[in-house]
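Residue numbers (this note's numbering): 35 to 187. Heads up, the beta-carbon is just placed ideally off N, CA and C, and yes, glycines get one too. Predicted model, so just to flag it, every value in this text is computed and none were measured.
Next up, the structure:
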């Protein structure tokens, strides 16, 4: 699948910024309770947004005080994210070894991306490698839950 301009326009992604922002904050609030970590205050912390698309989640993380980095496989999406934000973005496939330092992020987020991947286990392992704190992943796909649970054991 090609994640180009047509992909984002077909899904009316640009009209979903407010919805994405609200969803991210709600998930981070829930994850804060589960991890006993205040994820809603990122001052002096680093966050990585995996599958950042147009950068909506990255912007929320930045607004919460995190030094934020985002990556996505879509060069078109990354271009849009860079145009709308001062965060750092990179075109990268989560299923390949990440060009980032190990244990370098206090928070790694991955919202509704895993279900698009052929090898979500590889992506999860790569995210785990660069995380020194908390990983927050969501997916609407039940098939992805099994590899996630297996990896977490």
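Asked                                                                                                                            : Found
Outcome for residue 154 when other beta-carbon atoms lying within 10 angstroms are tallied against a minimum of 16               : buried
Separation of residue 161 from residue 87, as counted between CA atoms                                                           : 17 angstroms
Simplified DSSP assignment, three categories, for residue 138                                                                    : coil
C-beta contact flag for residue 51 and residue 90 at 8 angstroms                                                                 : yes
Spatial distance of residue 157 from residue 143 (CA atoms)                                                                      : 12 angstroms
Any 3 or more C-beta pairs closer than 8 angstroms across the region 109-120 and the region 64-80                                : no
Nonlocal neighbours in the same chain, by C-beta distance under 6 angstroms from residue 103, ignoring five residues either side : 82, 122
DSSP state of residue 71 mapped onto helix, strand, coil                                                                         : coil
Separation of residue 70 from residue 107, as counted between CA atoms                                                           : 32 angstroms
C-alpha distance - residue 169 paired with residue 37, whole-angstrom precision                                                  : 24 angstroms
Residue range of the alpha helix (DSSP H) that includes residue 162                                                              : 154-164
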